[in-house]
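For the sequence shown, full-length UniProt numbering puts the final residue at 331, and the numbers step up evenly by one. Note that CB positions come from ideal geometry on N, CA and C, so glycine has one too. A quick write-up on the structure given underneath.
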Amino acid sequence: MHTVFRIGEVRKPDKESPLYQVDLKLTSDDDQQLRRLTDRIREESSGGTGWYRMGKLLLTIGQFDKAEELYTALLEQTSNDSDKASIYNQFAWVKKDRGEYADAASFLEKSLKIQRKTLPEDHPSLANIHNNIGAVYNKMGGYSKALEFYEKALKIYEKALPSNHPNLAISYNNIGLVYNNMGDYSKALEFYEKAHKIKEKALPPNHPELATSYNNIGLVCDNMGDYSKALEFYEKSLKIREKALPPNHPDLATSYNNIGGAYDDMGDYSKALEFYEKAYKIYEKALPSNHPDLAISYVNIGQVYNNMGNYSKALSFLEKALTIQQGQELS
């Protein structure tokens with residue numbers, strides 16, 4: 001128990017074996033990178049009872065079903081409004097990560113209603129909810145509404161927090177994301193770089209939030225047509241995520257998808273297909289069969305097969321994507 005290893009090499013003993021051999025190296029107590037990461041995880045999962053901290057950790061590692069079970073039990077046991085607001089907020093993250101955006105918005109509105117009864121309008125806890133509502137609108141394509149809520153959050157954070165606080169970085173990152181989705185890439189890059197400067201100072205070098213930062217800068221480079229630069233940032237992001245996250249985490253799939261997209265744009269279709277399929281394998285295990293991200297994965301693979309001239313394969317994947325999309329429209 002409580003023993004931590006670094007992964008050295010992962011390989012199959014032979015081609016026919018279903019097993020993998022994993023070389024592990026025991027870390028020492030004076031491993032500075034591990035110490036910084038552990039301290040950061042403790043800080044991020046602090047607050048509330050052990051069960052609330054457990055819920056946050058389950059969300060972080062992508063165990064959404066287990067997190068929902070835990071939050072359902074906690075909600076049934078509490079009559080405290082403050083606890084209810086916190087649970088509604090966490091429920092919203094579970095729903096958002098499953099692609100159930102309307103449900104996510106509903107839980108966030110419940111949380112905001114409770115919080116506004118007891119907190120002033122410039123309280124950092126309200127900023128957190130504004131950020132989360134912005135994230136849901138962004139996922140639904142309501143970019144102007146997303147920007148409105150993200151800017152409300154930023155205004156509160158700028159008043160309440162020191163200039164190098166990680167929550168400010170999250171806020172800058174969120175605004176950059178919306179500008180990127182709206183096609184204003186110079187504005188997006190401006191906010192992403194603000195976020196990245198804070199994260200580099202505040203976080204250990206293998207923290208998942210740094211991976212998000214590299215990934216987002218890569219997205220802007222990609223959208224501006226600088227595919228080799230985008231690939232460079234995507235690979236930096238992937239390197240961190242492969243160390244910090246479990247092998248079936250959706251953020252790893254995001255990295256694989258983005259790397260596949262860069263290769264696709266550069267005309268290297270076999271490499272694009274390799275990474276798109278890695279993403280698909282994760283999504284297939286981690287997400288419900290009607291999740292929008294799974295549809296995106298089908299479209300990506302279908303388009304590559306189309307570019308390679310394999311039209312029957314392309315049609316098969318694009319039809320799968322269409323089935324999900326039509327199901328979303330009906331629900």
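Tyr280 is the residue among Tyr280, Ala286, Leu287 whose C-alpha sits nearest the C-alpha of Phe317. Contact annotation: the region 153–161 does not touch the region 192–201, with fewer than three C-beta pairs closer than 8 Å.
Residue state for Leu245 is assigned as coil, using DSSP reduced to three classes.
When the beta-carbon positions are compared, Lys152 and Tyr172 stay at least 8 Å from each other. Within the same chain, Cβ atoms closer than 6 Å to the Cβ of Tyr305 are found at Lys313, Ala314, the five residues on either side in sequence being excluded. With a beta-carbon spacing of about 6 Å, Ala92 and Asn132 fall inside the 8 Å limit used to define contacts.
Straight across, the Cα-Cα distance linking Asn310 with Asn215 is about 30 Å.
For Ser171, the enclosing alpha helix (DSSP H) covers residues 166–181. Excluding five sequence positions before and after His249, the CB atoms of its chain that fall closer than 6 Å to its own CB belong to Gly62, given in chain order. By the CB criterion at 8 Å, Met224 and Tyr269 fall outside the cutoff.
Assigned with DSSP and collapsed to three states, Thr78 falls in coil, not helix or strand. Assignment of Met54 by DSSP, reduced to helix, strand and coil, places it in the helix class. Secondary structure of Arg98 (DSSP, three-state): coil.
When rounded, the separation of the alpha-carbon atoms in Leu126 and Leu154 is 11 Å. The shortest CA-to-CA distance from Leu119 to any of Ile156, Tyr150, Gly141 is the one to Ile156. Assigned with DSSP and collapsed to three states, Asn206 falls in coil, not helix or strand. Secondary structure of Glu121 (DSSP, three-state): coil.
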